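First up is the structure itself, then whatever we jot down about it.
Protein chains in written order, with this note's numbering: chain A, 99 to 301; chain B, 99 to 301.
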């Protein structure tokens, strides 16, 4: 990552550094003071940038929720999944654990679900943002690989493609459903999706 | 449809009428003269609106490709599918026929695939645009219903939800793949998706 940045023109490098500093400031404040209690001024102060610069990079506080969610995902959820995989669980159980962890540790935070949905409606399609190249997508591919090794998941379709199918379906559920985002409706959506995937992954 | 328009405020009603007129003019010109041969001026003339008005509604000619594709879908493909369904085909065969018809009758038209992909990258997520409430989505639900009646498709998940899963996966394939949009790569993507869906729909 560092090396990649080194190869960019100076101006772009500085842009990325500022962006990174803002994101890190926001993540720290959201984690400690909480999302609702954090103001854009707090973020600007902590990142040591002007208010104008901050708004130039992120026009709303809500736009900082996606990097925050990514961070929570990579620091907390991903390690939990990787360690759970060591116990050789059934694929359906890992997927359920993954989707429920996202719900409990990310989506239930204040403003998170609404904010993420708003973010996911932005130009790039949701599945691009949340799946390809992203930690979530990698986790799914890892889960699929393990299932393939266990002989539980078909091998006539590549791990990469199966992971993408699963990710696309999960993300679409996140974007389309949950007008009433109660935990029961989330759980029932997940269970329906898992029932659908069961046969699909077995092949 | 007509009644719905009648209930809107005058200004919005006029806006929708103008939009409709532009879309119809574009569809007619694209169908007769062809997309490449049609200019924005031709469209403005035919719709009897000024160039300024036209650009106000559609900033590029390409933006008119999605309504054109919808029209082709509803006028040609949907009826073919409905009539094929009368022969009681296997679900996999109808889905394959549907996806191949979209390819042959829509995606291979000049600029269509590139244009649609660009359109699908716009604010609303692709699956919203192309699936919910849209003819394509309704066709999928009809196909699923018939499969359920034939006992070929699971009934523990609703036709509506199964149709949405299938639509989401198909649309994501349209958006993400096909950098090299050769017909062989399309066919192989579709066959992989159908193999995935086979088990999923059976339950």
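By construction, the Cβ of each residue, glycine as well, lies at the ideal position given by its N, Cα and C atoms.
It should be emphasised that the depicted structure is a prediction, and the values quoted were computed from it without experimental measurement.
Give me the Cα-Cα distance between residue 138 of chain B and residue 249 of chain A, rounded to the nearest whole angstrom. 57 Å
Would DSSP call residue 292 of chain A helix, strand or coil? helix
Could you check whether residue 291 of chain B and residue 272 of chain B sit closer than 7 Å to each other, using their CB atoms as the reference points? no
If you pair each beta-carbon of the stretch 146 to 158 of chain A with each one of the stretch 177 to 186 of chain A, do three or more pairs fall below 8 Å? no
For chain B, check one thing: does any of its Cβ atoms lie closer than 7 Å to the Cβ of residue 132 of chain A? no
Applying the criterion that 16 or more other CB atoms from any shown protein chain within 10 Å of the CB defines a buried residue, is residue 254 of chain A buried or exposed? exposed
Identify which residue in A:197, A:297 and A:111 has its Cα closest to the Cα of residue 175 of chain A. A:197
Residue environment, residue 146 of chain B, which counts as buried when at least 16 other CB atoms sit within 10 Å: exposed
Mind pulling the alpha helix (DSSP H) runs of 4 or more residues that sit fully within the stretch 174 to 221 of chain B? 176 to 183, 189 to 200 and 210 to 218
Among B:216, B:180 and B:234, the one whose alpha carbon lies nearest that of residue 200 of chain B: B:234
Using only alpha-carbon positions, find the residue among B:252, B:122, B:106 and B:286 that is nearest to residue 170 of chain B. B:122
In the stretch 283 to 298 of chain A, which residues sit with their C-beta less than 7 Å from some C-beta in chain B, listed in chain order? 290, 293, 294, 295, 297 and 298
With 16 other Cβ atoms within 10 Å as the buried cut-off, status of residue 131 of chain B: exposed
Proximity to residue 181 of chain A [Cα-Cα], best of A:105, A:301, A:240 and A:265: A:240
For residue 210 of chain A, which residues in the same chain have their Cβ closer than 7 Å to its Cβ, ignoring the five residues on either side in sequence? 163, 167 and 204
Closest residue to residue 118 of chain B among B:136, B:105, B:107 and B:144 (Cα-Cα distance): B:144
State the Cα-Cα distance for the pair residue 111 of chain A and residue 172 of chain A, rounded to the nearest angstrom. 23 Å
With 7 Å as the C-beta to C-beta threshold (strictly closer), list the residues of the stretch 254 to 273 of chain B near chain A in chain order. 254, 255, 259, 263, 266, 267, 270 and 273
Give the list of continuous beta strand (DSSP E) stretches no shorter than 3 residues that lie fully inside the stretch 240 to 268 of chain A. none
Exposure of residue 61 of chain B, with buried meaning 16 or more beta-carbon neighbours within 10 Å: In the structure as shown, chain B begins at 99 and stops at 301. Residue 61 of chain B is therefore absent and cannot be evaluated.
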